[in-house]
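Student: The structure follows.
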Amino acid sequence: MSAAPHLESPVAAAAPALAGRRAPRLFRIGPGIALPVHPRALIWSGIVLVGLIVAAVLTLSMGKLGIAPQSLPAALFDPPRGAAGFTLTTLRGPRLLVAIGVGAALGISGALFQIVTRNPLGSPDVIGLGAGAGAGVAICGLLWPGVLPTPAGALLGAMLAITIVYLSTGRGFAAPARIIIAGIGVSAMAHAVTQYVVSVKLRDEASQLAGYLAGSINSVGWGAVGIIAITLALCLPAAWALSPSLNQIALGDSLAHSLGIRVTATRTAAIIVAVVAAAGAVTVAGPISFVALTAPQIAQRLTRSPALSLGLSALLGALILVVADLLAQQAPWARGLPVGILTAGVGGIYLGALLIREWRKGRL
Amino acid sequence: MTQLSPTHAAARVSRSGRARVRTLGSRTLILIALLLLLLVLSALSLVAGSRVTSVSEVWQALSGTGNPHLQLVVTERIPRTIIGAVVGASLAVAGVIVQGITRNPLGDPGLLGVSVGASAAVVTATAITGTAIGAGTVWVALAGALATVVLVVLVAGRPTAGGIVPLLLAGAVVSAVLGTYIQAMILTRPAVFDSFRFWVIGSLSGRRLETLAEVAPALILGLVLALILASGLNALALGDDMAHSLGVSVPRVRAGGLLAAALLCAGATALVGPIAFIGLAVPHIVRALVGTDHRWQIPAAILLGASVLIAADIVGRIIARPGELMVGVVTAFVGAPFLLIAVRAGRAVRG
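Here the protein sequences come in this chain order: A and B. Residue numbering for the first sequence follows my numbering, beginning at 1 and increasing consecutively. Residue numbering for the second sequence follows my numbering, beginning at 365 and increasing consecutively.
The following block contains the structure:
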């Protein structure tokens, strides 16, 4: 009596998840290689990609200094001279690339965290990771410049934040409600550190200040593009390599274990990749909130699959940030606002709805 | 008899069963010690700052002799010390009440979004009228605070079902959204809000005693209500059913407590802007000092809350010289660990 349910429980728990999940079709290359393809995820990725391209073209072509869409392809290879060319190559071009890169990095980071904590709320901005990385950036960039490069500071801050959250819950990542409340506390402390640094060093520079506090890509250059490109070059392949094992873990630890997955090692590796991705994004753009929370959620809803859709999540993150930045550049009511304020407003409302739903289902 | 028994029972069930009944004498001693602490910190607050003045210089300035420039500095520090004490006391009492009515050590009106709600209302009113709204500020803040309480309760759903966690989560979300709104308003209308940065994070700098006089009615009303409710809160600590059988109207105590907390919190926010974590941290310390009887907790919270806020303000003035750090930042850094401790200690959060 006591042994039988114990053996059956992981399979029983996994059954509904398996039933709700469409089996991937296999795409065969020659006799030896077969890649799993989820048709739904692929179709949605295509749609989001088209949306991303449209938003990117709009970003480059709207306004007085934009370049008309029909002449854009030529202008990309041979930038025109004068104000329009300057706008393309030094203002809007890098800004657009940073928006895409940061959005993608946040999307990946959020997806990995949510799969590891098995909870839609276990996202880097909810658990204080973004705020911690922001404090690290503020300390390394402003308080003691030159001691450590800012990306290292972001990484250290993020790791410190997640360690404090992990220790404060008393049960690791197994208690979502505690993670979130501990995250509120850690975020508050990290924000206080950032505020301190900013008020000591940047008393009168309001726009730069907003970048450190809310996240902004208003004045990024090609250096920022380089940092986020390196981050993605590290994190995308790593996340892709981890995703099959993570999808097994999503079905339950014991089932994954019996399928030969090294659960703890995979989970630790996923957290490291997620922390690096989030830290890279924060280094470049500051603590932009709620993109990492919403992108994987929307991806999961679109594919109707409990499995991780990393690619779609990254694309959605990029789309959200590019659209938010387009609003910050062109919408009259939002002009000049740091993009982090827009994402925080919209994402905060989404988080509210999500919290209520999760709580009522008793999953917190 | 009905007045006494809940107190003793509450004292007995405190702290994981360790019996801890405080005697009258030891509690009085603790209150006297807290009063001394407050006096020492208030004196320090006149001395410390970006320019440290010696005690004799302060004394000269207060008695009207000595360097006129110094006199200005010291007279500038008097109102901020008084206002700091009033705000700290109000927030701490509000915290004691909210933790009492929710029976949860995580209850803090600041964490529930009340302060940010009050701040958002004031910012909206200021943006509409285009100028500072003066004497009406506190009532606008109060309306905002109450509206936020209603909103948070609505977002959280039935509060009885899940204890305080849904309220806390809803409060965090509402604070995040309203905080964003405040920042966006201030950033897009720099002309209107140039001198109103403290609506984002509370600060004691540049606040005047006239504002305190405008806010005083709300604060006094809230404090009186809190003192009236103290014994009701003691009964509530034993559980709704027990409180009901002791003749306490549970809904009335809850509603009255919420109103008192909103009044205190709105008044404090109208004075200095939103400050979180005082209402969380101070009641924790107070419980450890004087036990669970709310009739002792409230006076202790008044003294300790005032001391903590003045201390935080002194720290903020010293560590960010020649500028100063907003007091809300210091209290967040000092107070947030209490949130982590409460989470780790367990009982407050299920799951």
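Just so it is clear, CB atoms sit at the ideal spot from N, CA and C, and this is done for glycine as well.
Do B/Ile461 and B/Ala590 come within 9 Å of each other at the CB atom, strictly closer than that value?
Tutor: Yes. Within cutoff.
Student: Under 9 Å, Cβ to Cβ, is there at least one residue of chain B near A/Val50?
Tutor: Chain B, which has no Cβ nearer than 9 Å to the Cβ of A/Val50, makes this no.
Student: For the segment 475-508 of chain B, which segments carrying the alpha helix (DSSP H) assignment without a break, of at least 4 residues, lie completely within its bounds, in sequence order?
Tutor: If we require 4 residues or more, the alpha helix (DSSP H) runs fully inside the segment 475-508 of chain B come out as 478-493.
Student: Measuring only between beta-carbons, confirm whether B/Ala670 sits less than 9 Å from chain A.
Tutor: Closer than 9 Å: no.
Student: Taking DSSP as the reference, what is the three-state secondary structure of A/Phe173?
Tutor: In the structure shown, A/Phe173 sits in coil (DSSP, three-state: anything other than H, G, I, E or B).
Student: Where does the unbroken alpha helix (DSSP H) through B/Thr656 begin, and where does it stop?
Tutor: Counting along the chain, B/Thr656 falls outside any alpha helix (DSSP H), and DSSP gives it neither H nor E.
Student: Are any of the Cβ atoms in chain B nearer than 9 Å to that of A/Val200?
Tutor: It does: the Cβ of A/Val200 has a partner Cβ on chain B nearer than 9 Å.
Student: Check whether the segment 599-607 of chain B touches the segment 665-673 of chain B, counting contact only when three or more Cβ pairs, one atom from each stretch, lie closer than 8 Å.
Tutor: As far as the Cβ criterion goes, the segment 599-607 of chain B does not touch the segment 665-673 of chain B, which means the pair count is below three.
Student: For B/Val451, which residues in chain A fall below 9 Å Cβ to Cβ?
Tutor: The premise fails here: B/Val451 is roughly 18 Å from chain A at the closest Cβ pair, so nothing lies under 9 Å.
Student: If the cut is a Cβ gap below 8 Å, which residues of chain A does B/Ile565 touch?
Tutor: Per Cβ cutoff of 8 Å: Gln195.
Student: Let me check you understand the geometry: is the CB of A/Ala334 closer than 8 Å to at least one non-hydrogen atom of the ligand SAH?
Tutor: Absence of the ligand SAH is noted for the structure shown, with no ligands found whatsoever.
Student: Any contact between the segment 123-136 of chain A and the segment 191-202 of chain A? By contact I mean 3 or more CB pairs, one from each, below 8 Å.
Tutor: Result yes; three or more Cβ-Cβ pairs closer than 8 Å.
Student: For chain A, check one thing: does any of its Cβ atoms lie closer than 9 Å to the Cβ of B/Gly687?
Tutor: For B/Gly687, the answer is yes, since a Cβ of chain A falls inside 9 Å of its Cβ.
Student: Given B/Val487, which residues of its chain have a CB within under 6 Å of its CB, disregarding the five upstream and five downstream residues?
Tutor: So the qualifying residues of the chain are Ile546, Met549 and Trp563.
Student: With H, G and I counted as helix, E and B as strand and the rest as coil, what does DSSP make of A/Ser243?
Tutor: Looking at A/Ser243 - three-state DSSP - the assignment turns out to be helix.
Student: Does the segment 325-334 of chain A come close enough to the segment 54-66 of chain A that 3 or more CB-CB pairs lie under 8 Å?
Tutor: At 8 Å Cβ cutoff, the stretches touch.
Student: Touching or not, the segment 139-149 of chain A and the segment 112-121 of chain A, by the rule of three or more beta carbon pairs under 8 Å?
Tutor: In short, these stretches do not touch, since the Cβ pair count stays below three.
Student: Enumerate in chain order the residues of its own chain whose CB-to-CB distance from A/Leu302 is below 6 Å, with the five nearest sequence positions on each side excluded.
Tutor: Answer for A/Leu302: Trp44, listed in chain order.
Student: Count the other C-beta atoms from every protein chain shown that fall within 10 angstroms of the C-beta of A/Phe77, then say buried if there are 16 or more, exposed otherwise.
Tutor: It counts as exposed.
Student: What residues of chain B sit near A/Ser168, judged by a beta carbon separation below 7 Å?
Tutor: Going along chain B in sequence order, the residues near A/Ser168 (Cβ under 7 Å) are Leu704, Val707 and Arg708.
Student: Does DSSP put B/Asn431 in a helix, a strand or coil?
Tutor: Residue state, collapsed to three classes: coil.
Student: Looking only at its own chain, which residues have a Cβ that is under 7 Å from the Cβ of A/Leu293, when we skip the five neighbours before and after it?
Tutor: Once the five neighbours on either side are set aside, the close Cβ partners of A/Leu293 are Gly110, Ser123, Asp125, Val126, Gly347 and Leu351.
Student: Going by DSSP, what residue range makes up the alpha helix (DSSP H) through A/Met62?
Tutor: Neither: A/Met62 is in no alpha helix (DSSP H) and is coded neither H nor E.
Student: Under 9 Å, do A/His38 and A/Ser313 count as touching if we go by C-beta distance?
Tutor: The answer is no: Cβ separation not under 9 Å.
Student: Whole angstroms is fine: what's the gap from A/Gly226's alpha carbon to A/Gly280's?
Tutor: Rounded to the nearest angstrom, the two C-alpha atoms are 11 Å apart.
Student: Just to confirm, is the Cβ distance from A/Val220 to A/Val98 under 9 Å?
Tutor: Yes; because the gap between Cβ atoms is below 9 Å, this pair is in contact.
Student: Is the separation between the beta-carbon of B/Ala599 and that of B/Val612 shorter than 9 Å?
Tutor: Contact flag set, yes.
Student: Buried or exposed for A/Gln70, going by 16 or more other Cβ atoms inside 10 Å?
Tutor: Looking at its Cβ environment, which holds fewer than 16 other Cβ atoms inside 10 Å, A/Gln70 is exposed.
Student: May I have the straight-line CA-CA distance separating B/Ala700 from B/Cys629, to the nearest angstrom?
Tutor: Spanning the two alpha carbons is a distance of roughly 18 Å.
Student: Identify which residue in B/Ile666, B/Leu703 and B/Ile683 has its Cα closest to the Cα of B/Leu644.
Tutor: Checked all of B/Ile666, B/Leu703 and B/Ile683; the closest Cα to B/Leu644 is B/Leu703.
Student: With a threshold of 8 Å, are at least 3 pairs of Cβ atoms found where one atom belongs to the segment 472-483 of chain B and the other to the segment 503-519 of chain B?
Tutor: At 8 Å Cβ cutoff, the stretches touch.
Student: Just curious, the alpha helix (DSSP H) that A/Thr294 is in, first and last residue?
Tutor: Note, A/Thr294: alpha helix (DSSP H), Val291 to Thr303.
Student: Quick check: what's the CA-CA separation for B/Gly452 versus A/Arg40?
Tutor: So the alpha carbons of these two residues sit roughly 56 Å apart.
Student: Can you tell which of A/Ile230, A/Tyr166, A/Thr268 and A/Leu232 has the C-alpha that lies nearest to the C-alpha of A/Ser245?
Tutor: Here the closest residue by C-alpha is A/Thr268.
Student: Starting from A/Gly110, find everything on chain B with Cβ-Cβ shorter than 8 Å and list it in chain order.
Tutor: By Cβ distance, chain B contributes nothing, its closest Cβ being about 16 Å from A/Gly110, past 8 Å.
Student: Which term fits B/Val502, buried or exposed, when burial requires 16 or more other beta carbons within 10 angstroms of its beta carbon?
Tutor: That one is buried.
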